[in-house]
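Here the structure is laid out as structure tokens; the discussion comes afterwards.
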Amino acid sequence: MSSAIPCGWPARSSTPRTALRTWNACASSFALLPKTTASRSRGTQLDSSGFRNALGQFATGVTVVTTKSGSGDRIGLTANSFNSASLDPPMVLWSLRNDSLNFEVFANADHFAVNVLAADQVDVSRRFSRDVEDRFAGLDCIEGIGGAPVIAGCAATFQCRNVHRYSGGDHAIFVGEVLQFDVHDRTPLVFHRGDYTVTMPRPADGTDGSEIAGGYVDDFLLPLLARAYRLFGLPFYEHLTEQKIPRDEWRVLATLSDQGCTRDELAWIIRMPDDILDSTLRALFNQEMIAEAEPRLEGGLPRLVCTPRGSRRVVKLLAVAKAREADVLADFPELEQQDFKQMLRSMIARLAGSKRPR
Numbered sequence: 220m221s222s223a224i225p226c227g228w229p230a231r232s233s234t235p236r237t238a239l240r241t242w243n244a245c246a247s248s249f250a251l252l253p254k255t256t257a258s259r260s261r262g263t264q265l266d267s268s269g270f271r272n273a274l275g276q277f278a279t280g281v282t283v284v285t286t287k288s289g290s291g292d293r294i295g296l297t298a299n300s301f302n303s304a305s306l307d308p309p310m311v312l313w314s315l316r317n318d319s320l321n322f323e324v325f326a327n328a329d330h331f332a333v334n335v336l337a338a339d340q341v342d343v344s345r346r347f348s349r350d351v352e353d354r355f356a357g358l359d360c361i362e363g364i365g366g367a368p369v370i371a372g373c374a375a376t377f378q379c380r381n382v383h384r385y386s387g388g389d390h391a392i393f394v395g396e397v398l399q400f401d402v403h404d405r406t407p408l409v410f411h412r413g414d415y416t417v418t419m420p421r422p423a424d425g426t427d428g429s430e431i432a433g434g435y436v437d438d439f440l441l442p443l444l445a446r447a448y449r450l451f452g453l454p455f456y457e458h459l460t461e462q463k464i465p466r467d468e469w470r471v472l473a474t475l476s477d478q479g480c481t482r483d484e485l486a487w488i489i490r491m492p493d494d495i496l497d498s499t500l501r502a503l504f505n506q507e508m509i510a511e512a513e514p515r516l517e518g519g520l521p522r523l524v525c526t527p528r529g530s531r532r533v534v535k536l537l538a539v540a541k542a543r544e545a546d547v548l549a550d551f552p553e554l555e556q557q558d559f560k561q562m563l564r565s566m567i568a569r570l571a572g573s574k575r576p577r
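Put into structure tokens, the structure is as follows:
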């Protein structure tokens with residue numbers, strides 16, 4: 220969504236609230252900090268390191284503020300001090316250290332752009348935080364108002380006229396009048412406790428999983444995984460039953476559907492009792508769903524693979540399984556889905572203990 224803002228913007232308009240929603244969703248979602256023994260009374264010298272850590276408790280979005288220098292160079296830097304200043308007229312603010320090498324450029328610039336980074340733009344944030352020769356090299360961006368670069372793929376962008384600058388200790392506070400903004404349906408990148416993260420929706424009242432709440436069941440990983448597994452897999456396993464396909468056969472076929480593996484590797488991956496695994500393999504051999512690939516591996520070990528017939532069955536079932544997965548994970552951002560899967564992979568690898576057999 221893109222919108223230009225005229226000078227006489229009506230006070231009753233709700234557009235700026237919509238424009239700033241992406242940022243304020245993370246920048247205004249903090250709770251009051253509890254009292255701690257680390258608090259300081261008036262007149263006491265504050266510990267600068269502790270003060271910085273305390274500020275880190277406040278989750279913020281991540282922006283790249285850009286402008287064009289008087290000599291025509293594109294300038295940009297990361298900033299998590301961005302915030303809304305006014306709705307009527309629409310104004311935003313951000314701060315910059317007085318000793319920044321780019322201070323004079325921004326102080327003398329007529330315009331700047333605030334690019335609110337999306338969750339998959341961590342590399343962009345790091346690029347503009349480091350001392351590199353050309354931070355814009357290879358970056359997809361366009362020239363915005365006043366020549367300020369507008370970066371593609373952001374959650375939101377605000378193109379501003381540089382209207383005020385105030386002193387704030389070792390920083391200067393820049394205030395910009397928003398001339399144009401763009402909002403995109405993308406999860407914003409968040410910075411919290413010195414690291415990058417993403418936002419996660421809080422369940423609405425009455426939908427917080429209260430049906431499973433209660434001590435052990437609600438706070439211990441094992442029953443949570445067991446319940447998630449059962450609820451996640453139930454519709455798919457009902458489909459297997461309708462197709463008269465045993466679960467164990469599905470597990471073996473799905474595992475062999477990629478590049479195949481030895482019998483011992485298969486046992487290590489799916490952790491199936493030996494007697495059940497061997498009977499399942501015999502059944503699949505008899506149905507011509509799997510076969511031994513040639514040539515054999517070192518040591519003469521056969522590599523088990525799906526036959527064309529077995530592959531056709533796997534493809535049909537995988538389509539059903541992936542559709543179920545997409546439905547279950549639809550409300551979660553892509554980055555959270557990948558992080559969740561990676562965490563499960565890491566946990567499985569750690570719990571498995573021994574190395575995969577060859």
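Start counting the sequence shown at 220; every next residue gets the next number (this note's numbering).
Where a beta carbon is used, it is the ideal one built from N, C-alpha and C, also for glycine.
| Asked | Found |
| --- | --- |
| Arg405 to Ser344 span [Cα, whole Å] | 16 Å |
| Inter-residue Cα distance where the pair is Asp389 and Ala326 | 15 Å |
| Residue nearest to Asp401 in terms of C-alpha spacing, selected from Ile370, Val471, Cys480 | Ile370 |
| Beta-carbon gap between Leu459 and Trp469 smaller than 8 Å | yes |
| Helix, strand or coil at Asn505 according to DSSP, with G and I counted as helix | helix |
| Simplified DSSP state of Asp329, which is helix, strand or coil | coil |
| His330 beta carbon less than 8 Å from that of Thr376 | no |
| Alpha carbon of Asp350 to alpha carbon of Ala374, nearest angstrom | 25 Å |
| For Gly295 and Val281, the rounded distance between their alpha carbons | 13 Å |
| Integer-rounded CB distance, given that Val283 should sit under 8 Å from Asn334 | 5 Å |
| For Pro407 and Val341, the rounded distance between their alpha carbons | 10 Å |
| Per-residue burial, Val471 [other beta carbons within 10 Å of its own, 16 or more giving buried] | buried |
| Through-space distance from Ala367 to Gln378, alpha-carbon basis | 8 Å |
| Cβ neighbour criterion (16 or more within 10 Å) applied to Val534 | exposed |
| Inter-residue Cα distance where the pair is Phe393 and Asn302 | 11 Å |
| Neighbour-count burial assignment, Leu315, 16 or more Cβ in a 10 Å radius | buried |
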